[in-house]
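As given, the protein sequences belong to chains A and B, one line each in that order.
Residue 1 is where the first sequence starts when you use my numbering, and the numbers rise one by one after that.
Residue 1001 is where the second sequence starts when you use my numbering, and the numbers rise one by one after that.
Just so you know, even glycine gets a beta-carbon here, dropped at the ideal spot from N, CA and C.
Report on the following structure.
Protein chains: 2
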Amino acid sequence: MKYLIRLSFDGTAYCGWQMQKNGPSVQEQVFRALTTVFGNVQEFSGCSRTDAGVHALDFCASFAADSTLPCEKVIAALNANLPRDIAVHAAEIVPDDFHARYSVIKKEYRYRILTTPARSPFWEDRAWHRVGEYDLEALNRAASHLCGPHDFRSFMAAGSKITDCTRTVFDAHFEQDGDTLSFYVSADGFLYNMVRIMVGTLLEVPRKYPPEEIKAILEAKNRAAAGATAPARGLYLNRVEY
Amino acid sequence: MKYLIRLSFDGTAYCGWQMQKNGPSVQEQVFRALTTVFGNVQEFSGCSRTDAGVHALDFCASFAADSTLPCEKVIAALNANLPRDIAVHAAEIVPDDFHARYSVIKKEYRYRILTTPARSPFWEDRAWHRVGEYDLEALNRAASHLCGPHDFRSFMAAGSKITDCTRTVFDAHFEQDGDTLSFYVSADGFLYNMVRIMVGTLLEVPRKYPPEEIKAILEAKNRAAAGATAPARGLYLNRVEY
């Protein structure tokens, strides 16, 4: 049977999803739990790599197992074997040719900014504490220029090997919710550091860039035209659609 | 000058506010920061004791210092000297006879319950994960019976030495907010474990107790008449008024 599981994790303690030699990965923890529950799994794949310190509210992974365990039992059994900073919240049976990475239609990220003057113990490692006045209307006007199919080379980490940098952004907007400002962006795919560079750039609006400057930054197709890379700790993979 | 400071803290790592021999306390950390910033402080007092693992969004403390440091500098200087799980978010100058504990008019607690079937990495240590269907209307009818001046002996930890158990509850109600259910209760004072016993009791409504049973539990004036003590990790001191 092929299963799709949806996980949330606090990425603070991990080098990211992907197994790596230089640190503990979320994938390694999930793989260990799968092996404990199913004995043996094949075709284990996550929906994307994530950077060290990045969080997920809906990370997807698929695997094949010689099992007929019902989905609610899969959830409970995996959660009993996962560390407290990782949990499965949904599971479903998917067709054999399903692939957590290649079958993705849309991914949504959320980036959280804590805007209070003082830091908060409850948002350490889980938001970017950036004090300031935010002009929500200007931010949303700027973000709207990111929507549509574009070459997002300006919003890709320097040194990336990708050559086709065209992605389609379906939605990009900000919402203020009490003390946190959130940036939501959904697309058919993301380049390396794309969301974090978007956030680092957009938050300079309107002080450094007028909202319309985002168009010129896109057209420059040059990382140097955009702003700084926002820290990993504010970033959450928020939803994945297949 | 006498100062009042308002703090938030994640209580997970602490034995509570109060300095104790058997573990690290929040008070000790705040005292250390005060000493670093002011050299020497007198009449240092918190608004209440808290249990190990209990959190605060608005814990109040007062102290006198030979200083004329403006309040915004007090906040910044203390935060630079406090660990990341404790932060000051407000400071004000108060009259010399002000006392963080004895001048309190009203305190509000919030108790958070995570109601999703699966646990969440983001609420570990910060909510009580208790799966179930909640009847908000019944819960609120039950909670309403706690309002007013009552002898709350039934909702006090067994073995407490307090003899006058009358307190006035101003408000007690539940709110559902997405995946978390919160119980809010404000009063002129609280007995030992009072909120946690209230929560442990109310959450048995309507399965074990009909909402009106709360009246009989109060009238019993006996800890054994009430339900279990809810875990500390869901409890937050939410607001203090003077």
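Contacts between Pro1121/B and chain A, judged by CB atoms closer than 7 Å, involve Ser8, Phe9, Asp10, Arg84, Asp85, Ile86 and Ala87 in chain order. Contact note: Asn238/A does not reach chain B at a C-beta cutoff of 7 Å; the least C-beta distance is about 13 Å. Check the Cα spacing between Leu202/A and each of Ser48/A, Ala225/A, Leu191/A and Tyr192/A: the tightest is with Ala225/A.
Nearest in C-alpha terms to Tyr1236/B, of all of Glu1212/B, Phe1152/B, Asp1179/B and Thr1050/B, is Thr1050/B.
For the region 96 to 129 of chain A, the residues whose beta carbon sits under 9 Å from a beta carbon of chain B are, in order, Thr116, Pro117, Ala118, Arg119, Ser120, Pro121, Phe122, Glu124, Asp125 and Arg126.
Of the candidates Leu1139/B, Asp1164/B and Phe1155/B, Leu1139/B places its Cα closest to the Cα of Phe1174/B. The secondary-structure analysis by DSSP pairs Phe1009/B across a beta bridge with Ala1056/B and Ile1086/B. When DSSP reads this structure, Gln176/A sits in a beta bridge with Leu181/A.
Only Ile75 and Asn79 from the region 61 to 82 of chain A bring a Cβ to less than 7 Å from some Cβ of chain B. Inclusion of Val1026/B and Thr1035/B in the CB contact set at 8 Å is not warranted, their separation being larger than that value.
A straight-line Cα-Cα distance of about 37 Å links Gly189/A and Ser1182/B. Secondary structure note for Leu218/A: it is in no beta strand (DSSP E), and the uninterrupted alpha helix (DSSP H) holding it is Glu213 to Ala220.
For Ile217/A, the CB contacts under 7 Å within the same chain, skipping 5 residues up- and downstream, are Ser154, Thr201, Ala225 and Ala226 in chain order.
The shortest CA-to-CA distance from Gly178/A to any of Leu69/A, Leu114/A, Tyr3/A and Cys60/A is the one to Leu114/A.
Between the region 88 to 106 of chain A and the region 58 to 73 of chain A there are three or more C-beta pairs closer than 8 Å, enough to call the two in contact. Contact between the region 1013 to 1029 of chain B and the region 123 to 135 of chain A is not established, with fewer than three Cβ pairs separated by less than 8 Å. Taken atom to atom, the span from the alpha-carbon of Asp1010/B to that of His150/A is near 43 Å. Cβ atoms of Ala187/A and Thr168/A come within 8 Å of each other, at about 6 Å. Under a 10 Å Cβ-count criterion, Pro1210/B is classified as exposed, with fewer than 16 other Cβ atoms of the shown protein chains found around its own Cβ.
DSSP places Thr1168/B within a strand segment (E or B) once states are collapsed to three. For Lys106/A, the secondary structure class from DSSP, reduced to helix, strand or coil, is strand. Straight through space, the alpha carbons of Val1054/B and Asp1096/B are spaced by roughly 30 Å.
Taking 8 Å as the cut-off, the beta carbon of Ser48/A is found no closer than this to the beta carbon of Tyr3/A.
Taking a 10 Å sphere around the C-beta of Lys107/A, we find 16 or more other C-beta atoms and assign the residue as buried. Each of Leu1146/B, Asn1079/B, Ser1160/B and Ala1118/B was checked against the Cα of Ser120/A, and the nearest Cα belongs to Asn1079/B. Annotation for Pro1117/B: Val1131 place their beta carbon closer than 7 Å to its own, counting only its chain and skipping 5 residues before and after.
Where Leu146/A is concerned, there is no enclosing beta strand (DSSP E), because DSSP gives it neither an H nor an E. Residue pairing of Ser1186/B in beta bridges, as defined by DSSP: Glu1108/B and Asp1171/B. For Glu1028/B, the enclosing alpha helix (DSSP H) begins and ends at Val1026 to Phe1038. Closest by C-alpha distance to Asn1081/B, out of Thr1068/B, Ala1158/B, Gly1039/B and Ala1172/B, is Gly1039/B.
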